[in-house]
Amino acid sequence: MAENTGIKDVVRDENLVYKKTSVLTDKVMHYCPGCGHGTAHRLIAEVIEEMEIQSGTIGVTPVGCAVLMYNYLDIDMQEAAHGRAPAVATAIKRLMPDKYVFTYQGDGDLAAIGTAETIHACNRGENIAIFFINNGIYGMTGGQMAPTTLLGMKSSTSPYGRDVHMMGNPLKMTELVAQLPGTWYVTRQAVHTPASVRKAKKAIRQAFENQKLKKGLSLVEIVSNCNSGWKMSPVDSNKWMAENMFPFYPPGDIKLEGKLVGKE
Amino acid sequence: MKGNEAIAEAAIRAGADAYFGYPITPQSEILEYLMAEKPHERTGMVVLQAESEIAAINMVYGGAACGRKVITSSSSPGISLKQEGLSYIAGSELPCVVVNVVRGGPGLGTIQPAQSDYFQAVKGGGHGDYRLIVLAPQSVQEMADFVDLGFELAFRYRNPVMILTDGALGQMMEKVWLQEQKPRMTIFPDWATTGKTPDRERNVITSLDLDSAEQEKFNLKLQNKYRKLEAEEVRFEHTDTEDAEYLLVAYGTSARICQKSVRLARDKGIKAGLLRPVTLFPFPKKPLKELAAKVKGILAVEMSTGQMVEDVRLAVEGKVQVEHYGRMGGIIPTPEEIVDAIGKNFLK
Ligand SMILES: Cc1ncc(C[n+]2csc(CCOP(=O)(O)OP(=O)(O)O)c2C)c(N)n1
Chain A
1 MAENTGIKDV
11 VRDENLVYKK
21 TSVLTDKVMH
31 YCPGCGHGTA
41 HRLIAEVIEE
51 MEIQSGTIGV
61 TPVGCAVLMY
71 NYLDIDMQEA
81 AHGRAPAVAT
91 AIKRLMPDKY
101 VFTYQGDGDL
111 AAIGTAETIH
121 ACNRGENIAI
131 FFINNGIYGM
141 TGGQMAPTTL
151 LGMKSSTSPY
161 GRDVHMMGNP
171 LKMTELVAQL
181 PGTWYVTRQA
191 VHTPASVRKA
201 KKAIRQAFEN
211 QKLKKGLSLV
221 EIVSNCNSGW
231 KMSPVDSNKW
241 MAENMFPFYP
251 PGDIKLEGKL
261 VGKE
Chain B
1001 MKGNEAIAEA
1011 AIRAGADAYF
1021 GYPITPQSEI
1031 LEYLMAEKPH
1041 ERTGMVVLQA
1051 ESEIAAINMV
1061 YGGAACGRKV
1071 ITSSSSPGIS
1081 LKQEGLSYIA
1091 GSELPCVVVN
1101 VVRGGPGLGT
1111 IQPAQSDYFQ
1121 AVKGGGHGDY
1131 RLIVLAPQSV
1141 QEMADFVDLG
1151 FELAFRYRNP
1161 VMILTDGALG
1171 QMMEKVWLQE
1181 QKPRMTIFPD
1191 WATTGKTPDR
1201 ERNVITSLDL
1211 DSAEQEKFNL
1221 KLQNKYRKLE
1231 AEEVRFEHTD
1241 TEDAEYLLVA
1251 YGTSARICQK
1261 SVRLARDKGI
1271 KAGLLRPVTL
1281 FPFPKKPLKE
1291 LAAKVKGILA
1301 VEMSTGQMVE
1311 DVRLAVEGKV
1321 QVEHYGRMGG
1331 IIPTPEEIVD
1341 AIGKNFLK
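Sequence lines, in order, name chains A and B. Here the first sequence is numbered in my numbering, starting from 1 and rising by one per residue. Here the second sequence is numbered in my numbering, starting from 1001 and rising by one per residue.
The structure is reproduced here in structure tokens:
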């Protein structure tokens, strides 16, 4: 009987049930262990591979933790100024209407500095996909308050918790853009459990597929953790997210095929 | 046609792929003309009214990064909003043409013409060490011609080009000869994000490099490009400089007026001449320095409190007295005023 203990003997084509998508590069990601960005990147890369649209896709990265996304996805990418990705993507899509164009943006990028660009790209019904990573905090700059920071939630610029009188309310940008006639598909997902990862992937795929229809913009919000910014372990941060973020940012579809869910 | 309309028509004929803009006086005719002209039907050119100048310049970034010929226009307050985007465009080495139909400032200022955005245009404007190639037309004809020239330079040097003009030239009507329609590009530069094909590495357009040594190297590369521009792309015109004792230096509208001032001065027996920078960056330092050795005084004439005059002084290296004459707030100097200013400054 042959020795069967080496890893090389196990990793054989016939034994493979899952492998890293070819659309992800070999570059080691810089994300903190446990952060949702890496998972979201992988899902986008897998969808691009499965749809065989690597040469047909142009991505736009934000300013935020995901600024270096272009190091990880093996596709043509542009790095936008903070908040401006939807304007950048608008031009790409208008000039190359047959390409799949997406932006990938954090909450500060999309819902604070880039609010105008986000709303107007949505309202014009640009045929692009926006992937919106909502971790309730400014991750890259060290954990400051974001437009999506929950009331009472602590951050480095709301050290005693977000106070509504002083700092205003958290902004539900996803619900807001769902009201606009230019959006075709608006959904909120998460990537903290295997089940949610599968769902999020379906949503991401839908957002790419929708671009063929030319019926408007698709926005997929992914509620995510920021274990470093929240100062928690990855496991605790996911638990905290489900208990505290989901009541205010409930996962689920908000707009399907141009119609608000639960409305006629 | 109006200067603004000439720019718009010239953009279509230059084979531009897109225009993105936001209304502001005195240049709204550019967007209005393009919308009315339906360039989409003529050449397939995309025209879009953006939600702000910030969005417009970032659309320019997105389109330019796809290797397309993209143009935008605005006037001073709007150009201020575009500075962040321009810095990114310069830092990503993207070609584009940006038109500034200058109005008086600061702040909301006035809608009347001025030349008070010179510093912003030629010294970079946004953050970081970068330069725009700056072209200064003095007629409606040049408003049109510089669009095509602008694209040519922008693509040759992978650098944003600014056409620095003003409300007077934008609104002025003159006869203009327009070039034949150029076809839009069908082959795009190899750096453009047109979709990664299996035969090449992915293309990434970014201005980010967190490695300080690499960032310094990149800055040096940009500086080399600017030195090359200074060596090869300086454009200027001069009139009556052979025997001139007093040299006027002026660009754009001011240069146009100074031509008349030279005639008036010579009628009075004052040997005046004019040097007109056509490129403001790169600035015609060498011809100025040469002329400085021959003349008794230089008067920089600008519709500002004196911005270009600093570059004139740098160029002549103290060889000759350099003074400034300017009007502000939307006032255009008369040719007579300028002749008087020669007298007051140099002929006491
Ligand atoms: C014009 C401008 N303002 C501010 C910054 C600093 N900055 C970088 S990332 C960031 C916030 C990022 O937060 P978010 O969009 O939520 O993304 P995350 O890092 O959490 O993924 C800020 C304020 C910048 N780079 N540019």
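Note that beta-carbon positions come from the ideal geometry of N, C-alpha and C, so glycine has one too.
Compute the Euclidean distance between the alpha carbons of residue 32 (chain A) and residue 1217 (chain B), then round it to the nearest angstrom. 29 angstroms
Determine the chain A residues that contact residue 1030 (chain B) at a beta-carbon separation under 8 angstroms, and present them in chain order. In chain order: nothing, as chain A lies at least about 18 angstroms away.
Taking 7 angstroms as the cut-off, is the C-beta of residue 226 (chain A) nearer than that to any heavy atom in ligand 1? yes
In this structure, does DSSP put residue 1092 (chain B) in helix, strand or coil? coil
CA-CA distance, residue 243 (chain A) and residue 225 (chain A)? 12 angstroms
I'd like the span of the alpha helix (DSSP H) that includes residue 45 (chain A), first residue to last. 36-51
Count the CB pairs spanning the stretch 1208-1222 of chain B and the stretch 1163-1178 of chain B that are closer than 8 angstroms, and state whether there are at least three. no
Check the Cβ of residue 95 (chain A) against every Cβ in chain B and list those closer than 7 angstroms, keeping chain order. 1017, 1018, 1046, 1063, 1066, 1068
Go ahead and label residue 1198 (chain B) buried or exposed: buried means 16 or more other beta carbons lie within 10 angstroms of its beta carbon, across all protein chains shown. exposed
Unbroken alpha helix (DSSP H) run spanning residue 238 (chain A), endpoints: 234-240
Taking contact to mean 3 or more Cβ pairs, one atom from each stretch, closer than 8 angstroms, check whether the stretch 241-255 of chain A and the stretch 1009-1017 of chain B are in contact. no
Check whether residue 207 (chain A) and residue 129 (chain A) have beta carbons under 8 angstroms apart: yes
List the residues of chain A whose Cβ lies closer than 8 angstroms to the Cβ of residue 1084 (chain B), in chain order. 81
Those runs of the beta strand (DSSP E) which lie wholly inside the stretch 77-140 of chain A and span at least 3 residues: 100-106, 129-134
Out of B:1154, B:1147, B:1166, state which residue places its alpha-carbon closest to the alpha-carbon of residue 1024 (chain B). B:1166
Going by C-alpha to C-alpha distance, which of B:1078, B:1237, B:1155 sits closest to residue 1065 (chain B)? B:1155
On a Cα-Cα basis, can you pick out the residue from A:227, A:87, A:238, A:180 that is closest to residue 260 (chain A)? A:180
Following a CB-centred definition, is residue 140 (chain A) positioned closer than 7 angstroms to any heavy atom of ligand 1? yes
Check whether the stretch 1086-1102 of chain B and the stretch 1285-1295 of chain B touch, using three or more Cβ-Cβ pairs below 8 angstroms as the test. no
For chain A, find out if any of its Cβ atoms is closer than 8 angstroms to the Cβ of residue 1059 (chain B); answer yes or no. yes
Taking Cβ positions only, does residue 1208 (chain B) come closer than 8 angstroms to chain A? yes
Close Cβ partners of residue 1146 (chain B) (< 7 angstroms) along its chain, the five nearest in sequence each way excluded: 1135, 1137, 1163
Between which two residues does the alpha helix (DSSP H) harbouring residue 1118 (chain B) extend? 1118-1122
Between which two residues does the alpha helix (DSSP H) carrying residue 1263 (chain B) extend? 1252-1267
Please state whether the Cβ-Cβ distance between residue 1243 (chain B) and residue 1272 (chain B) is less than 8 angstroms. no
Does the distance from the C-beta atom of residue 1073 (chain B) to that of residue 1007 (chain B) stay below 8 angstroms? yes
Can you check which of these residues, A:249, A:236, A:178, is closest to residue 120 (chain A) by C-alpha distance? A:178
Neighbourhood of residue 1285 (chain B) by C-beta distance below 6 angstroms, restricted to the same chain and skipping five residues each side: 1315
Segment limits, alpha helix (DSSP H) that includes residue 1039 (chain B): 1039-1042
Beta carbon proximity, residue 1195 (chain B) to chain A, threshold 8 angstroms: yes
Measuring straight from C-alpha to C-alpha, what distance separates residue 1124 (chain B) and residue 83 (chain A)? 22 angstroms
What do you get for residue 17 (chain A), buried or exposed, if any count of 16 or more other CB atoms within 10 angstroms of its CB means buried? exposed
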